[in-house]
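> Attaching a single structure in structure tokens format; questions to follow.
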Amino acid sequence: GAGVSQSPRYKVAKRGQDVALRCDPISGHVSLFWYQQALGQGPEFLTYFQNEAQLDKSGLPSDRFFAERPEGSVSTLKIQRTQQEDSAVYLCASNGGFDEQFFGPGTRLTVL
Amino acid sequence: GENVEQHPSTLSVQEGDSAVIKCTYSDSASNYFPWYKQELGKGPQLIIDIRSNVGEKKDQRIAVTLNKTAKHFSLHITETQPEDSAVYFCAASRWRNTGKLIFGQGTTLQVKP
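Chains as they are written, first to last, in my numbering: chain P, 15 to 126; chain L, 319 to 431.
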């Protein structure tokens, strides 16, 4: 079956631009997670949804980062006024009620 | 805060040898410990996991051990093959709480033919 998909796969933004990253989880998966992975590092937790409810946003680095999942399926991570330190791979994962989180391929964001 | 330390950062072995990667976690409430393999340009893929009520788990050439008292867990790969070359991440979480994964820094494994 289809796994987690993310789009775009690559995004180049000029400093100060807003970007929106999309995640399509596995159908029926209740839980959705966003992680940020800097080059050569492990993924770091950003935020967590259960259905449409954002239950944990403790990992969002600043108020420029905003995530939503209005209908409990597709999620969008938005970054306003991008800065160079936002350059990273943004990973989305979904979970269907058991332990395993299934990861998408990620969106590589480069801020120039 | 919650932290997972992973060693070594790089590991090079000859094909057929064993590889061992070790992780230590700080949150004593952690109860789920997955290992992920990440290939270039791809997202992490789960290869094996262990829960806190189990000390060891094996799946073909891969095994994981957990020592809750010492708060460390290890990945063992036997009979390594070139296709095992990748970056490996350990992680810890409080499953049934938030479920968020705290990852180690990663180990780049190179298996030389």
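Note that the Cβ used here is the ideal one computed from N, Cα and C, for glycine as well.
Check P352(L) in the structure and name its three-state DSSP category.
The residue you call residue 352(L) lines up with position 34 of the second sequence. Strand.
> Tell me which residue opens and which closes the beta strand (DSSP E) that Q68(P) is part of.
Walking along the first sequence from the start, residue 68(P) turns up at place 54. Run containing Q68(P): 67 to 70, per the beta strand (DSSP E) assignment.
> Excluding five sequence neighbours on each side, which residues of the same chain lie with their C-beta closer than 6 Å to the C-beta of D70(P)?
As a first step, residue 70(P) is located in the first sequence; it is residue number 56 there, counting from the start. Contacts found: Y62.
> Can you name, in chain order, every residue of its own chain whose Cβ lies under 7 Å from the Cβ of R36(P), other than the five neighbours on each side?
The sequence position of residue 36(P) within the first sequence is 22, counting from 1. Cβ within range, chain order: Q20, S21, V88, T90.
> Hey, is P448(L)'s beta-carbon within less than 8 Å of any beta-carbon in chain P?
With chain L covering only 319 through 431, there is no way to say anything about residue 448(L).
> Label R83(P) either buried or exposed according to how many other C-beta atoms from any shown protein chain fall within 10 Å of its C-beta, with 16 as the threshold for buried.
By 1-based counting over the first sequence, the position of residue 83(P) is 69. With 16 or more Cβ atoms within 10 Å of its Cβ, R83(P) is classed as buried.
> Could you tell me whether the region 410 to 429 of chain L touches the region 378 to 388 of chain L, where touching means 3 or more Cβ pairs closer than 8 Å?
no
> For a contact meaning CB atoms closer than 8 Å, what does W353(L) contact in chain P?
On the second sequence, position 35 is the one that residue 353(L) refers to. Near W353(L) there are no residues of chain P at all, since even the closest Cβ is about 11 Å away, more than 8 Å.
> I'd like the list of long-range same chain contacts for T426(L), defined as Cβ closer than 6 Å, with 5 residues on each side in sequence excluded.
In the second sequence, the residue the question calls residue 426(L) occupies position 108. Contacts found: T328, V405.
> Output the boundary residues of the beta strand (DSSP E) element that contains K376(L).
As a first step, residue 376(L) is located in the second sequence; it is residue number 58 there, counting from the start. From DSSP, the beta strand (DSSP E) with K376(L) extends over 374 to 377.
> Which term fits N109(P), buried or exposed, when burial requires 16 or more other beta carbons within 10 angstroms of its beta carbon?
Mapped onto the first sequence, residue 109(P) falls at position 95. By the neighbour-count rule (16 or more Cβ atoms within 10 Å), N109(P) is buried.
> Taking C-beta pairs closer than 8 Å, name the residues in chain P that D367(L) reaches, listed in chain order.
One-based indexing of the second sequence puts residue 367(L) at position 49. Correct list: D113, E114.
> Looking at K386(L) and S403(L), is the spacing between their C-beta atoms short of 8 Å?
Against the second sequence, residue 403(L) aligns to sequence position 85. Against the second sequence, residue 386(L) aligns to sequence position 68. Remark: C-beta atoms of S403(L) and K386(L) do not approach each other more closely than 8 Å.
> Of all the residues that make up the region 27 to 47 of chain P, which are near chain L by a beta-carbon distance shorter than 7 Å?
Hits within the stretch, in order: S45, F47.
> With DSSP collapsed to three states, give me the class of Q98(P).
To locate residue 98(P), count along the first sequence from 1; it is residue 84. Helix, per DSSP.
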